[in-house]
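Everything below concerns the one structure shown next.
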Amino acid sequence: MKIRFRAFLVSGALLLAVAPVLSACDQYDDSDSRSFDVKDKVTGVTVDSAGGDIDVVAGDGDGVQVTENLKYKSGKRPSTEHFVRDGNLHLKVATSCGSSLGSANCTVNYRVEVPRGVAVSLHSGGGTVNLDGVSGGVDASSGGGEVKAENLAAGHLTASSGGGAINASWSKAPDDVDVNAKGGNVTLHVPDSGYQVSASTTLGSKKVEVKTDSSSERHIKARTFAGDVKVLVAG
Numbered sequence: 005m006k007i008r009f010r011a012f013l014v015s016g017a018l019l020l021a022v023a024p025v026l027s028a029c030d031q032y033d034d035s036d037s038r039s040f041d042v043k044d045k046v047t048g049v050t051v052d053s054a055g056g057d058i059d060v061v062a063g064d065g066d067g068v069q070v071t072e073n074l075k076y077k078s079g080k081r082p083s084t085e086h087f088v089r090d091g092n093l094h095l096k097v098a099t100s101c102g103s104s105l106g107s108a109n110c111t112v113n114y115r116v117e118v119p120r121g122v123a124v125s126l127h128s129g130g131g132t133v134n135l136d137g138v139s140g141g142v143d144a145s146s147g148g149g150e151v152k153a154e155n156l157a158a159g160h161l162t163a164s165s166g167g168g169a170i171n172a173s174w175s176k177a178p179d180d181v182d183v184n185a186k187g188g189n190v191t192l193h194v195p196d197s198g199y200q201v202s203a204s205t206t207l208g209s210k211k212v213e214v215k216t217d218s219s220s221e222r223h224i225k226a227r228t229f230a231g232d233v234k235v236l237v238a239g
C-alpha cells in the first residue's frame, strides 16, 4: 500500500492528512485461476460476474470452455459456482466481495468459449463485457463498464450500460437490436441493409448512416442520455 501525505493550510495552521492510496497493481494481495470444460449439451450460457470482466468468444467445438480468474485481498477469496439447468449453463460469483478502504475486496473475471449458435446472457456490476464472433442471441449488461462486441452473427442483441459506452459490429445483418448506454456513447456497425431505426440522445449528437426502411423486419433501437449515437455501415 502506498501512503500519500497531503498538507492543508487552515487558519494559519498546517494540517497533515494521511490518505492511503491503492495503486492498481497492489489492490489485491492474491490471485489464482482455474479452467474447466463443460461437456453437457447446452443451448445457453448465463454469466453473473458481480463486478468483474466477462469475455465470451465463439469456438469451433461442441463444448463450453471456462476460465475463472480470481483476484482478492488477503482472506477474501471469492467462491464461484456453475451448474447446468434445462440446457442452460450458469456461471456466477457465489459470495459478496464487499469493499474496504474504498476498493472491492475481490473480483472474478470470466473467459468463456461457446459453440456456434449458443445464446448468452451476461451481467457485470461494473466490469467490461466483451464478445467476439457470437452467433446466438445476446443479452449483455454492465452497471458501469463498457459493452463491446465484434464480428457478431447474432440476430438479436439487447445491451445496456449504466455509464460506459456500447460498441458493436456485425458480420451478418441483425434482426433486432436494442441498446441503451444511459451515459456513454453508442456506436453500431451493421451490414448494409434496410432497417427500422430509432436513435435518440438527450445531450449528445446523432448520426444514422444506414438505409432506413419503415417496412423492414429488421429493427434497431439505440439510445443514450448524455453520449453520442451512431448507426453506421460496417466495412
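Just so we're aligned, residue 5 is where the sequence shown starts under our numbering, counting upward by one.
Backbone N, C-alpha and C fix where the C-beta goes; we use that ideal spot for every residue, glycine too.
All figures in this text were calculated on a predicted structure; none of them were measured in a lab.
Practice item. Report buried or exposed for Thr191, applying the criterion of at least 16 other Cβ atoms within 10 angstroms of its Cβ. Key: buried
Check your understanding: Per DSSP, which one or two residues make a beta bridge with Ala163?
Key -> Ala144 and Val183
Review point. DSSP state of Ile224, grouped into three classes?
Key: Here Ile224 sits in strand by DSSP.
Check your understanding: Using 8 Å as the Cβ pair cut-off and three pairs as the minimum, do the segment 110-119 and the segment 69-80 touch?
Key -> yes
Check your understanding: How many Å lie between Ala172 and Ser209 at the Cα?
Key -> 18 Å
Check your understanding: Does the pairing of the segment 149-156 with the segment 128-135 give three or more beta-carbon distances under 8 Å?
Key -> yes
Review point. If you pair each beta-carbon of the segment 165-184 with each one of the segment 204-220, do three or more pairs fall below 8 Å?
Key: no
Practice item. Identify the continuous beta strand (DSSP E) that holds Ser125 and give its terminal residues. Key: Ala123 to Ser128
Review point. Would the beta-carbon of Gly239 fall within 7 Å of that of Lys215?
Key: no
Exercise for review: Output the distance between the C-alpha atoms of Val235 and Asn92, rounded to the nearest integer angstrom.
Suggested key: Here the alpha carbons of Asn92 and Val235 stand approximately 32 Å from one another.
Review point. Are Gly79 and Val42 touching if we call contact CB-CB under 7 Å?
Key: no
**Study point:** Beta bridge counterpart(s) of Leu135 as assigned by DSSP
**Key:** Val60 and Ala153
Practice item. Give me the Cβ distance between Gly166 and Thr228, rounded to the nearest whole Å; I'm assuming they're in contact under 8 Å. Key: The Cβ separation is near 11 Å, so there is no contact.
Exercise for review: Could you give the DSSP three-state label for Glu213: helix, strand or coil?
Suggested key: coil
Check your understanding: What residues in its chain sit with their C-beta under 7 Å from that of Asp36, if we drop five residues either side in the sequence?
Key -> Leu74
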